[in-house]
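S.K.: Sending over a structure as structure tokens; questions will come in a sec.
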Amino acid sequence: MANSSFESFHPPQRILMGPGPSDVNPRILEALSRPTIGHLDPKFVQMMDELKDLLRYAFQTSNEVTIPISAPGSAGMESCFTNLVEPGDKVIICRNGVFGSRMQENVERCGGVAIMVDDPWGRAVDLNKTEDALKAHPDATILAFVHAETSTGAMSDAQALTKLAHEHNCITIVDTVTSLGGIPLNVDEWELDAVYSGTQKCLSCIPGMSPVTFNDRAMEKIKNRKTKCQSWFLDVSLMLGYWDGGGKRAYHHTAPINPLYGLHEALVILHQEGLEDAWARHRLHHNALKAGLEALGLELVVPEAERLPQLNAVSIPDGIEDAVVRKNLLDAYNLEIGAGLGESAGKLWRIGLMGQSANRGNVLYCVSALEAVLGELSSSIPRGKAMDAVSAVYNK
Ligand SMILES: *Cc1c(COP(=O)(O)O)cnc(C)c1O
1065 MANSSFESFH PPQRILMGPG PSDVNPRILE ALSRPTIGHL DPKFVQMMDE
1115 LKDLLRYAFQ TSNEVTIPIS APGSAGMESC FTNLVEPGDK VIICRNGVFG
1165 SRMQENVERC GGVAIMVDDP WGRAVDLNKT EDALKAHPDA TILAFVHAET
1215 STGAMSDAQA LTKLAHEHNC ITIVDTVTSL GGIPLNVDEW ELDAVYSGTQ
1265 KCLSCIPGMS PVTFNDRAME KIKNRKTKCQ SWFLDVSLML GYWDGGGKRA
1315 YHHTAPINPL YGLHEALVIL HQEGLEDAWA RHRLHHNALK AGLEALGLEL
1365 VVPEAERLPQ LNAVSIPDGI EDAVVRKNLL DAYNLEIGAG LGESAGKLWR
1415 IGLMGQSANR GNVLYCVSAL EAVLGELSSS IPRGKAMDAV SAVYNK
């Protein structure tokens, strides 16, 4: 109670090159500030319908059930598990980073049985091991995995994993929080069943919403549940009364009106750029960043074929203190890069090139700021070469 003069909060202007949130496009910030209208206003309902179509484009799906959950990516994850997992259900989970463990938590809290298939951090999910687990557990009904593991920067083969799952009568739950908008993701062509994502990674929108899409196989399993979905809020059949009620939408919860304007704008921006161009842009700036980092003597952790362009995990050189570097970058350069998560804390940095953040200015800025900060801390960092290495990629 002591503070007698509260003032408005004005955040500093940062450059966000961590694991999310990413830089938000000014067009989205402007959209957020448009007038709030009622969540059942016909104009708002019209916007919701368009938003669903835009999401279908982003996911490359014609799934009827394609909506943004009014809560962050973690809630999208939870919506998939609470709707699809009933007590006693066996779920095979591929774990190659932090998010696989969260999937395990979800399954167990739903009363399901989690079968873990572990792969080393920094590597893609192993198809053979997954197939062995599917064979060893013929009574499993779901295979869950992370397409783009943000904790390590590894990309897994969502199409091949889903094919394996279907051969063994399992449906898939796929985490695409970091892949949506950043790397190829074709929900229908790859036959992914239940898919969730986030807004603050490669869509460059604000955090707090989670697009999900369920195909007919997933909806069939939900319709045939013997028990009620454990979560009232995330129960997709109730949520659809609001998002999909045709002429008579029923109140379920008050949608986050202005954040949804922002998401609509983010998806319009993605549509205007075109998915394939967005994917190519992430790839180009990744190549430039990689050239710069390597010229500084830094090593990328993930083998090239399994690397995510939008999340670059870099080993921290011997003798360099993680926290000092990140603090200097933030204080002196207003630049945020990510720390290691879980078992890789202190061992690596995670440099994001997500959405709006994947641009030439950011790459040049990040590499030169790292060169300056690391150069002050260690004489073994090569100086004066990194900018040329970056430029060489852009001038190719
Ligand atoms: C960020 C992230 C999440 C969680 O999203 P939040 O919006 O932070 O709740 C889940 N999975 C992956 C792979 C992520 O990168």
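Read in order, the letters of the sequence shown are residues 1065 to 1460 in my numbering. Quick reminder that beta carbons are idealized off the backbone N, C-alpha and C, glycines included. Please read these numbers as outputs of a predicted model, since none were measured by experiment.
1) First and last residue of the beta strand (DSSP E) that includes M1081?
2) Given T1130, which residues of its chain have a CB within under 6 Å of its CB, disregarding the five upstream and five downstream residues?
3) Along the alpha helix (DSSP H) that carries T1146, what are the first and last residues, could you check?
4) Go to I1401, then tell me how far its beta strand (DSSP E) extends in each direction, as first and last residue.
5) Tell me whether T1277 sits in a helix, a strand or coil according to DSSP, three-state version.
6) Spatial neighbours of L1393 within its chain, please: C-beta separation below 7 Å, excluding the five flanking residues on both sides.
7) Should V1388 go down as buried or exposed, given a rule of 16 or more other Cβ atoms within 10 Å for buried?
8) Any heavy atom of ligand 1 within a distance shorter than 6 Å of the CB on G1084?
9) Buried or exposed, going by whether 16 or more other CB atoms sit within 10 Å of the CB of T1242?
10) Based on the DSSP output, what are the partners of L1364 in its beta bridges?
11) Apply the 10 Å Cβ neighbour rule to N1426 and answer buried if 16 or more other Cβ atoms are within range, or exposed otherwise.
12) DSSP on P1132, reduced to helix/strand/coil?
13) Can you give me the start and stop residues for the alpha helix (DSSP H) that D1252 sits inside?
14) So E1435 packs on L1360, CB below 8 Å; how close in whole Å?
15) Could you name the residues that DSSP lists as bridge partners for D1183?
16) Considering only residues of the same chain and omitting the five flanking positions on each side of L1104, which have a CB-CB separation below 8 Å?
17) Where do the N-terminal and C-terminal ends of the beta strand (DSSP E) with G1416 fall, by residue?
18) For ligand 1, is there a heavy atom less than 6 Å away from the beta-carbon of S1072?
19) Give a single yes or no on whether S1421 has its beta carbon closer than 6 Å to a heavy atom of ligand 1.
20) The beta strand (DSSP E) with C1158 in it runs from where to where?
21) Using only the alpha-carbon positions, how far apart do S1086 and L1191 sit?
22) Just verifying my parser: in three-state terms, what is the DSSP assignment at E1213?
23) Could you give the distance in angstroms between the alpha-carbon of A1352 and the alpha-carbon of M1451?
24) Taking 6 Å as the cut-off, does the CB of D1239 come closer than this to any heavy atom belonging to ligand 1?
25) Closest to W1185 by CA distance: which of R1424, S1408, G1416 and L1304 is it?
26) Using three-state DSSP, classify V1189 as helix, strand or coil.
27) Measuring only from the beta carbon, is T1236 closer than 6 Å to any heavy atom that is part of ligand 1?
M.R.: On the basis of the coordinates in this document:
1) Within the sequence shown, residue 1081 is the residue found at index 17, counting from 1. Counting along the chain, the beta strand (DSSP E) containing M1081 begins and ends at I1079 to M1081.
2) Here residue 1130 refers to the residue found at position 66 when the sequence shown is read from its first residue. Once the five neighbours on either side are set aside, the close Cβ partners of T1130 are K1116, L1119, R1120 and T1277.
3) On the sequence shown, position 82 is the one that residue 1146 refers to. First-last of the alpha helix (DSSP H) with T1146: G1137 to L1148.
4) Start at 1 with the first residue of the sequence shown, and residue 1401 comes out as number 337. It spans L1399 to A1403 - the beta strand (DSSP E) in which I1401 sits, taken as one unbroken run.
5) Residue numbering aside, residue 1277 sits at position 213 when the sequence shown is read from its first letter. T1277: strand per DSSP, three-state reduction.
6) The count along the sequence shown starts at 1 and reaches residue 1393 at position 329. Closer than 7 Å at the Cβ level, and outside the excluded window around L1393, lie L1399, I1401, A1433 and V1437.
7) Sequence index remark: in the sequence shown, residue 1388 carries index 324 (1-based). That one is exposed.
8) Sequence index remark: in the sequence shown, residue 1084 carries index 20 (1-based). Within the cutoff, so yes.
9) By 1-based counting over the sequence shown, the position of residue 1242 is 178. Burial call: buried.
10) Against the sequence shown, residue 1364 aligns to sequence position 300. For L1364, which the question treats as bridged, DSSP gives the partners V1378.
11) Your numbering for residue 1426 matches position 362 in the sequence shown. Counting Cβ neighbours within 10 Å, N1426 comes out buried, since at least 16 surround it.
12) For this step, residue 1132 is matched to residue 68 along the sequence shown. Strand, per DSSP.
13) As a working mapping, residue 1252 is identified with position 188 in the sequence shown. Start and end: V1251 to W1254.
14) As a position in the sequence shown, residue 1435 is number 371, starting the count at 1. As a position in the sequence shown, residue 1360 is number 296, starting the count at 1. With a Cβ gap of about 6 Å, E1435 and L1360 count as contacting.
15) As a first step, residue 1183 must be located in the sequence shown, where it is residue number 119. Answer by DSSP bridge pairing: none, since D1183 is not bridged.
16) For the purposes of this step, residue 1104 is taken as the residue at position 40 of the sequence shown. Taken in chain order, the residues that qualify are R1313 and Y1315.
17) Here the question's residue 1416 lines up with position 352 in the sequence shown. First-last of the beta strand (DSSP E) with G1416: L1412 to G1416.
18) Here residue 1072 refers to the residue found at position 8 of the sequence shown. No, since every heavy atom of ligand 1 falls outside the 6 Å radius drawn around the Cβ of S1072.
19) Numbered from 1 along the sequence shown, position 357 holds the residue referred to as residue 1421. The answer is no for S1421.
20) To locate residue 1158, count along the sequence shown from 1; it is residue 94. K1154 to R1159 is the span of the beta strand (DSSP E), which, as asked, contains C1158.
21) Taking the first residue of the sequence shown as 1, we reach residue 1086 at position 22. Taking the first residue of the sequence shown as 1, we reach residue 1191 at position 127. Rounded to whole angstroms, S1086 to L1191 spans 31 Å at the Cα level.
22) For the purposes of this step, residue 1213 is taken as the residue at position 149 of the sequence shown. DSSP places E1213 in strand when its eight states are reduced to three.
23) Against the sequence shown, residue 1352 aligns to sequence position 288. Against the sequence shown, residue 1451 aligns to sequence position 387. So the two alpha carbons sit approximately 10 Å from each other.
24) The sequence position of residue 1239 within the sequence shown is 175, counting from 1. It does: the Cβ of D1239 is within 6 Å (strictly closer) of some heavy atom of ligand 1.
25) Residue mapping note: residue 1185 aligns to position 121 of the sequence shown, counting from 1. W1185 has its Cα closest to that of S1408, out of R1424, S1408, G1416 and L1304.
26) In the sequence shown, counting from the first residue as 1, residue 1189 sits at position 125. DSSP places V1189 in coil when its eight states are reduced to three.
27) Sequence index remark: in the sequence shown, residue 1236 carries index 172 (1-based). No.
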